[in-house]
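Peer 1: Next up is a structure, given as structure tokens.
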Amino acid sequence: MNVEAILVALLALGGVSIIASIATMLIVAWVWKIEPQSKESPSFNLTFWIGLADIPVRISDIFSNPMTWPLGFPTSPSFARFYLWLGYFGPFYYIYLNCMIALDLQLIFFHRLPRQARIRAWYPLLGFGLAFFLAFFYLVMPDVELASSGQIIVGKPGSAAKHFVTIWSYMWLDIGVFYTLVVVLMVLIKVIKNYRRLRSLNSDPVSTNMSKAVLQNTLIILAYPLVLFIVYIPYVLANWFSVYLPGDFALNWYLVMNVIFNLQGVLNLIVLMFHPVMLKLYRNRHVVFSSLLSQDSHGTLPSAVGTDDLSTGELKTGFLQANQPRIQGVDAQGGLRIQTLDLGPAVTAHFARALEAGQASASDGQLYSAVDEKERTDPLPAISMPQNSYDDPTFL
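Read in order, the letters of the sequence shown are residues 1 to 396 in the UniProt record's numbering.
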């Protein structure tokens, strides 16, 4: 095994990840500028900070690579303490930003979070605050040294400081990953179950198309936690293997983990390109390369789609006729104007029992009678909606 070649390859992968993360932030900032409505998407906003969170992780990896220090690792205690802090702050930051995506999904699907809920604007700060708080203790740890091999030594063997670092870091890394995993599984179960139930109870093509869009867009958003699992589950296991299964297996696993770990920025960029907000931009012809794929036989581009489609979603509910007046919360041509840029049109409302019943009763009057007695809720009107419908959690 050529150790030097592996170290150089890891440095190169880390550089590619940094470039991909910077590209992610630039793309998000550009979309914010050309489509201000994209700021209503919590996961899209968090994508910028997820790209930023990758940079301290990559810097920490660069510091840990012996190829970075041809004259030997710095031995300053202050550098060792900073290196220790950075090595944990980066993963904490990335993991808990993904936890914010999971939290938003939990609040949407299980607590019917209103679209304007203030907590959505606080997700980036909450993720940063949690990461900084959890990593702050490493800045004040006593007896932190950086060995000539690049290994950080905290306290003496068996000391309280050493046990604290081990337990504190593993516990919060595992909690973040485990919480996200549980939410992902719960959301998948709920979405798939409701999708199947809606198909079995109602053959209305509008509801069928909406439920398909919800399922598709939910899976796209869940790709962010999927990247977290791909990158950090091997990372968490590597830490445990180094403690409880030292030897060749732990060493080989550590090598595989480093390769996967350095792909974090690239994987996040790939997920961003398929985000529902980006897909709407492609359809609205804001992105040139996607428009080139839609040229007609004369090489001309199709006319641009109105920017209003970004907020109304791709699907037309058909509950309103084109000649009907437009009222608050309703698009006269586009149906229910429910702005859920993350998950498509009417994601929570569509799966909320009340709106499911209301939509079905407006179309064929069959679904409400099929819902179990314990699940019944007064059906909502499909056209006539209250003026403050945006403040109603049902109309997210």
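Glycine included, C-beta positions come from ideal geometry on N, C-alpha and C.
Give the straight-line distance between the Cα atoms of ALA5 and TRP172, rounded to the nearest whole angstrom.
Peer 2: Taking the sequence shown and counting its residues from 1, one reaches residue 5 at position 5. Taking the sequence shown and counting its residues from 1, one reaches residue 172 at position 172. For ALA5 and TRP172, the distance between alpha carbons rounds to 33 Å.
Peer 1: Whose C-beta lies closer than 7 Å to the C-beta of GLY14 among residues of the same chain, with five residues either side of it excluded?
Peer 2: In the sequence shown, the residue the question calls residue 14 occupies position 14. Only ARG58, ASP61, ILE62, ASN262 meet the Cβ criterion.
Peer 1: Can you give me the C-alpha to C-alpha distance between TYR123 and ALA161, rounded to a whole angstrom?
Peer 2: Looking up residue 123 in the sequence shown gives position 123. Looking up residue 161 in the sequence shown gives position 161. Looking at the two C-alpha atoms, the distance is approximately 32 Å.
Peer 1: For LYS193, count neighbouring Cβ atoms within 10 angstroms of its own Cβ and tell me buried if that reaches 16, exposed if not.
Peer 2: For this step, residue 193 is matched to residue 193 along the sequence shown. That one is exposed.
Peer 1: Would you kindly check if the distance between the Cβ of LEU146 and the Cβ of ALA80 is under 8 Å?
Peer 2: Locating residue 80 in the sequence shown gives position 80, where the first residue counts as 1. Locating residue 146 in the sequence shown gives position 146, where the first residue counts as 1. Yes, Cβ-Cβ distance for ALA80 and LEU146 is below 8 Å.
Peer 1: According to DSSP, is SER361 part of a helix, a strand, or is it coil?
Peer 2: In the sequence shown, counting from the first residue as 1, residue 361 sits at position 361. For SER361, the pLDDT reaches just 42, beneath the cut-off of 50, and the residue's location in the model is therefore unreliable, although a value from the coordinates is still provided. Reduced to three states, the DSSP call for SER361 is helix.
Peer 1: Taking 6 Å as the limit between beta carbons, can you name the residues of its chain near LEU130, skipping five residues before and five after?
Peer 2: For the purposes of this step, residue 130 is taken as residue 130 along the sequence shown, with counting starting at 1. The answer, listed in chain order, is TYR96.
Peer 1: Below 8 Å CB to CB, which residues in the same chain sit around ILE233 once its five sequence neighbours on both sides are set aside?
Peer 2: As a working note, residue 233 is residue 233 in the sequence shown. Taken in chain order, the residues that qualify are VAL177.
Peer 1: Are TYR93 and PRO56 close, meaning C-beta to C-beta below 8 Å?
Peer 2: Residue numbering aside, residue 93 sits at position 93 when the sequence shown is read from its first letter. Residue numbering aside, residue 56 sits at position 56 when the sequence shown is read from its first letter. Contact flag set, yes.
Peer 1: Rounded to whole angstroms, what's the CA-CA distance from ASN45 to PHE128? Just pull it up for me.
Peer 2: For this step, residue 45 is matched to residue 45 along the sequence shown. For this step, residue 128 is matched to residue 128 along the sequence shown. Their backbone Cα atoms lie some 14 Å apart in a straight line.
Peer 1: List the residues that DSSP assigns as beta-bridge partners of ILE221.
Peer 2: As a position in the sequence shown, residue 221 is number 221, starting the count at 1. None; ILE221 has no bridge partner.
Peer 1: Measuring CA to CA, which of LYS190, PHE73, TRP49 is closest to PHE109?
Peer 2: Position 109 of the sequence shown, counted from the start, is the residue given in the question as residue 109. Comparing Cα-Cα distances from PHE109 to each of LYS190, PHE73, TRP49, the minimum goes to LYS190.
Peer 1: Just checking, does the stretch 251-267 make contact with the stretch 134-141 on the three C-beta pairs under 8 Å criterion?
Peer 2: These segments do not touch.
Peer 1: With DSSP collapsed to three states, give me the class of GLU145.
Peer 2: The residue you call residue 145 lines up with position 145 of the sequence shown. If DSSP states are grouped into helix, strand and coil, GLU145 belongs with the strands.
Peer 1: Given a threshold of 16 other Cβ atoms within 10 Å of its Cβ, counted over all protein chains shown, does HIS111 qualify as buried or as exposed?
Peer 2: Taking the sequence shown and counting its residues from 1, the one referred to as residue 111 is at position 111. By the neighbour-count rule (16 or more Cβ atoms within 10 Å), HIS111 is not buried but exposed.
Peer 1: To the nearest angstrom, how far is it from the Cα of TYR224 to the Cα of ASN98?
Peer 2: In the sequence shown, counting from the first residue as 1, residue 224 sits at position 224. In the sequence shown, counting from the first residue as 1, residue 98 sits at position 98. Those two C-alpha atoms are separated by around 7 Å.
Peer 1: Does the Cβ of MET67 have 16 or more other Cβ atoms within 10 Å, making it buried, or fewer, making it exposed?
Peer 2: Translated into the one-based positions of the sequence shown, residue 67 becomes position 67. Under this definition MET67 is an exposed residue.
Peer 1: Return the residue from the list VAL3, ASP54, ASN2 that minimises the CA-CA distance to ALA23.
Peer 2: Working through the sequence shown from its first residue, we reach residue 23 at position 23. The residue with the shortest Cα to Cα distance from ALA23 is ASP54.
Peer 1: Based on DSSP bridge pairs, tell me the residues matched to ILE153.
Peer 2: Here the question's residue 153 lines up with position 153 in the sequence shown. Answer by DSSP bridge pairing, in chain order: GLU145.
Peer 1: Assign TRP69 to one of three DSSP states: helix, strand, or coil.
Peer 2: Indexing the sequence shown from 1 puts residue 69 at position 69. Of the three classes helix, strand and coil, the one that applies to TRP69 here is coil, per DSSP.
Peer 1: With distance defined between alpha-carbon atoms, name the residue in ILE260, LEU272, SER38, ARG283 nearest to LEU11.
Peer 2: Within the sequence shown, numbered from 1, the residue matching residue 11 stands at position 11. Of ILE260, LEU272, SER38, ARG283, the residue nearest in Cα terms is ILE260.
Peer 1: As a quick exercise: from VAL16, PHE73, PHE48, pick the residue whose alpha carbon is nearest that of SER148.
Peer 2: If you number the sequence shown from 1, residue 148 lands on position 148. Of the candidates VAL16, PHE73, PHE48, the one whose C-alpha sits nearest the C-alpha of SER148 is PHE73.
Peer 1: Rounding to the nearest angstrom, what Cα-Cα distance links LEU126 and MET100 in this structure?
Peer 2: Stepping through the sequence shown from its first residue, residue 126 is reached at position 126. Stepping through the sequence shown from its first residue, residue 100 is reached at position 100. Looking at the two C-alpha atoms, the distance is approximately 8 Å.
Peer 1: Would you kindly work out how many angstroms separate the C-alpha atoms of SER64 and TYR83, rounded to a whole number?
Peer 2: What you label residue 64 is simply residue 64 of the sequence shown in a count that begins at 1. What you label residue 83 is simply residue 83 of the sequence shown in a count that begins at 1. In a straight line, the C-alpha of SER64 is about 9 Å away from that of TYR83.
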